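Colleague: Numbering (this note's numbering), first residue to last: 271 to 511. For every residue, glycine included, the Cβ atom is placed at its ideal position computed from N, Cα and C. All figures in this text were calculated on a predicted structure; none of them were measured in a lab.
Okay, here's the thing in structure tokens:
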């Protein structure tokens, strides 16, 4: 019996937070499989992926995201996949986390995801269906100490994606939450966000390529079923709750 997976060659994907970490790994993997890419990040870093559309911007600004998605659709003629990957974190006791960090987590993690899907969903429906993939977190499945507002933002992402699954399934749109535990990136290292480069906490964490490969697996499953959520943890990370 032959198991028919989805061939992504020629598909069009928009990815936020695409300049480093999980976003960069995913962009490189999808490009290697023939996917045409629209890449948005704060820096607008060009990854050298031939034919990709690259934009700099803040996902928390709806006009910026709408323009990015519209430019991608105009460049490639359609959009099949939207990956809400942009995210920021800040770790510490609830009363000690700076208000500016709290505001940024809500703006980037929650409003940024809403903005991307608001802009991309009409194009994906018009293309006859496709995929929404939200890079959430284990923190969005459990309320974790030292991660109160971050957890809240990730719970919001997971709730949004689950609701969109219910709304869009009959239109051929699959909506999947990816909920990793610790991933070794520069996430939350800068600006006194609770992690420091080289800290023991980072040892043994998963790598961005691990998450990119999982997203690729989700996207290539046959379209007669959908994966609602995947949760994964490094072997060095204890079970919470």
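#1: In this structure, does DSSP put residue 375 in helix, strand or coil?
#2: Shortest alpha-carbon distance to residue 276 belongs to which of 493, 353, 427, 474?
#3: Could you tell me how far apart the beta carbons of residue 250 and residue 424 are, in whole angstroms, since I believe they sit closer than 8 Å?
#4: Nearest CA to the CA of residue 310: which residue from 357, 476, 437?
#5: Can you look up residue 446 in the DSSP assignment and give me helix, strand or coil?
#6: So what's residue 435 in DSSP terms, helix, strand or just coil?
#7: Rounded to whole angstroms, what's the CA-CA distance from residue 304 to residue 448? Just pull it up for me.
#8: DSSP state of residue 401, grouped into three classes?
#9: When the distance is taken between beta carbons, is residue 307 closer than 8 Å to residue 354?
#10: Sort 289, 478, 388, 440 by Cα distance to residue 335 and report the nearest one.
#11: Who are residue 500's beta bridge partners in DSSP?
#12: With the cut-off set at 8 Å, would you say residue 360 and residue 420 are in Cβ contact?
#13: By how many angstroms is the C-alpha of residue 280 removed from the C-alpha of residue 489?
#14: With C-beta atoms as the reference, is residue 396 less than 8 Å away from residue 427?
#15: What is the rounded straight-line gap between the Cα of residue 332 and the Cα of residue 384?
#16: Note the first and the last residue of the continuous alpha helix (DSSP H) segment covering residue 382.
#17: Following the continuous alpha helix (DSSP H) through residue 297, name the residue where it begins and the one where it ends.
#18: When you compare only the Cα positions, how much space is there between residue 367 and residue 376?
#19: Using the Cβ count rule (16 or more neighbours within 10 Å means buried), how would you classify residue 313?
#20: I need the straight-line Cα distance from residue 476 to residue 455, nearest angstrom please.
#21: Only counting the same chain, and skipping five residues up and downstream in sequence, which positions put a Cβ closer than 7 Å to that of residue 452?
#22: Starting from residue 485 and walking both ways along the beta strand (DSSP E), at which residues does that stretch end?
#23: Any idea what DSSP makes of residue 332, helix, strand or coil?
#24: Pop quiz: residue 292 and residue 478 are said to be a contact at Cβ under 8 Å. What is the actual Cβ separation, rounded to whole angstroms?
#25: Would you please state the rounded distance, in angstroms, between the beta carbons of residue 329 and residue 378? I believe it to be under 8 Å.
Modeller: Straight from the coordinates:
#1: helix
#2: 493
#3: Here the chain covers residues 271 to 511 and nothing more, so residue 250 does not appear.
#4: 357
#5: strand
#6: helix
#7: 23 Å
#8: strand
#9: no
#10: 388
#11: 448
#12: yes
#13: 13 Å
#14: no
#15: 9 Å
#16: 382–396
#17: 291–302
#18: 13 Å
#19: exposed
#20: 9 Å
#21: 475, 476, 504, 507
#22: Here residue 485 belongs to no beta strand (DSSP E); instead the alpha helix (DSSP H) covers 478–489.
#23: helix
#24: 5 Å
#25: 6 Å
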